[in-house]
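Colleague:
Structure, rendered in structure tokens:
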């Protein structure tokens with residue numbers, strides 16, 4: 026199957042350069058690398074012109090949309106498989122694309138076709154201990170094929186996927202009409218939910234590995250969880266009846282136990298503060314419609330998204 030890699034970029038840095046270098050070394054070569062770059066002034070042609078198959082399209086910051094911009098990238102792709110990545114995710118080895126294709130070739134327990142296959146995220150050098158554990162919690166060693174039958178057991182985790190590195194069958198992507206546009210966050214999970222509800226499966230492929238992690242401050246965690254909860258509140262047809270709080274509590278308990286077992290109890294206050302900010306952001310995001318506009322814009326990672334949304338609603 027032919028493969029294109031699709032990457033939204035904004036102010037690409039050395040990690041993006043490493044990503045392009047790693048893609049050149051893959052055992053399965055991408056036919057195209059389609060970059061959707063936000064703001065042309067931040068793109069340096071001379072740094073990347075030697076990359077085989079590179080196609081760059083520029084969008085403005087005002088026009089960027091998590092789902093819509095990726096849909097536009099998909100429109101430029103004619104490959105059988107599209108691998109969406111972020112510009113700060115670096116393949117851990119030369120087998121990333123090969124392993125993702127193997128994931129797409131698997132089937133669910135009742136023969137369901139795998140519509141999307143997402144990679145394991147490994148902590149980067151310098152990743153803090155709590156975030157390192159969170160990465161291992163969300164991206165364990167064991168592979169998994171998820172279908173609608175897993176909803177009673179896994180709940181919201183059934184729909185968990187990540188566009189940090191995820192392969193999609195192009196024919197199914199078109200059949201399901203791609204990502205939801207005007208998405209503040211979670212376009213990957215919303216698509217995954219639609220795929221599962223349509224009778225497809227999702228594959229988690231830990232053999233496919235990218236290095237990707239962030240050391241977010243408590244306030245950044247608050248804003249991230251606020252936007253995540255807004256996306257859930259905007260799509261009750263998917264997320265109602267599948268609360269996230271239980272999974273969050275399980276992560277806090279597991280992390281606390283890990284810190285005690287590894288003799289790092291002084292990190293427990295940081296865990297409490299960060300977890301509290303995550304929960305506060307989530308609760309406020311779920312009830313964002315009751316908040317004043319100024320508060321919503323302050324709570325969000327994407328105030329520009331709200332400006333565009335309110336302007337459209339006012340028309």
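In my numbering, the protein residues as written are 26 to 340. Every residue, glycine too, gets a C-beta built ideally from N, C-alpha and C. Because the structure is a prediction, the values reported are computed rather than measured.
1. Since residue 168 and residue 230 are thought to touch, with beta carbons under 8 Å apart, how far apart are those beta carbons, to the nearest angstrom?
2. Near residue 314, which residues of its chain fall below 8 Å by C-beta distance, leaving aside the five closest residues on each side in sequence?
3. Using beta-carbon positions only, say whether residue 186 and residue 217 come within less than 7 Å of one another.
4. From 31, 336, 301, 309, pick the residue whose C-alpha is nearest to that of residue 207; which is it?
5. Using the Cα positions of residue 235 and residue 114, report the straight-line distance between them to the nearest angstrom.
6. Does the contact criterion of 3 or more C-beta pairs under 8 Å hold for the region 266–281 versus the region 165–183?
7. By how many angstroms is the C-alpha of residue 339 removed from the C-alpha of residue 191?
8. Using a Cβ-Cβ cutoff of less than 7 Å, which residues in the same chain neighbour residue 43 once the five nearest sequence positions on both sides are dropped?
9. Per DSSP, what kind of secondary structure is residue 194 in: helix, strand or coil?
10. Roughly how far, in whole angstroms, is the beta-carbon of residue 252 from the beta-carbon of residue 204, given that I think they are within contact range, below 8 Å?
11. For residue 136 and residue 171, what's the separation of their Cα atoms in angstroms?
12. So, with DSSP's three-state summary, where would you put residue 182?
13. Does the Cβ-Cβ distance between residue 292 and residue 284 come in under 7 Å?
14. In angstroms, rounded to a whole number, what distance separates the CA positions of residue 41 and residue 302?
Modeller: Put simply:
1. The count along the chain shown starts at 1 and reaches residue 168 at position 143. The count along the chain shown starts at 1 and reaches residue 230 at position 205. With 8 Å as the limit, residue 168 and residue 230 qualify as a contact, their Cβ atoms being about 6 Å apart.
2. Start at 1 with the first residue of the chain shown, and residue 314 comes out as number 289. Contacts found: 258.
3. For the purposes of this step, residue 186 is taken as residue 161 along the chain shown, with counting starting at 1. For the purposes of this step, residue 217 is taken as residue 192 along the chain shown, with counting starting at 1. Pairing residue 186 with residue 217 gives a Cβ-Cβ distance under 7 Å.
4. Here residue 207 is taken as the residue at index 182 of the chain shown, counted from 1. Of 31, 336, 301, 309, the residue nearest in Cα terms is 336.
5. Taking the chain shown and counting its residues from 1, one reaches residue 235 at position 210. Taking the chain shown and counting its residues from 1, one reaches residue 114 at position 89. Going from the Cα of residue 235 to the Cα of residue 114 covers about 6 Å.
6. Contact between the region 266–281 and the region 165–183 is established, with three or more Cβ pairs separated by less than 8 Å.
7. Position 166 of the chain shown, counted from the start, is the residue given in the question as residue 191. Position 314 of the chain shown, counted from the start, is the residue given in the question as residue 339. Roughly 36 Å separates the two Cα atoms.
8. As a working mapping, residue 43 is identified with position 18 in the chain shown. Only residues of its own chain outside the window of five on either side were considered, and among them 115 have a CB closer than 7 Å to the CB of residue 43, listed in chain order.
9. Residue 194 sits at position 169 when you count from the first residue of the chain shown. Three-state DSSP puts residue 194 in a strand.
10. In the chain shown, counting from the first residue as 1, residue 252 sits at position 227. In the chain shown, counting from the first residue as 1, residue 204 sits at position 179. About 16 Å separates the two Cβ atoms, so there is no contact after all.
11. For the purposes of this step, residue 136 is identified with residue 111 of the chain shown, where counting begins at 1. For the purposes of this step, residue 171 is identified with residue 146 of the chain shown, where counting begins at 1. Cα atoms of residue 136 and residue 171: separation of roughly 12 Å, rounded to the nearest angstrom.
12. Taking the first residue of the chain shown as 1, we reach residue 182 at position 157. It is helical.
13. The sequence position of residue 292 within the chain shown is 267, counting from 1. The sequence position of residue 284 within the chain shown is 259, counting from 1. It is a contact, given that the beta carbons lie within the stated cut-off.
14. Within the chain shown, numbered from 1, the residue matching residue 41 stands at position 16. Within the chain shown, numbered from 1, the residue matching residue 302 stands at position 277. Spanning the two alpha carbons is a distance of roughly 30 Å.
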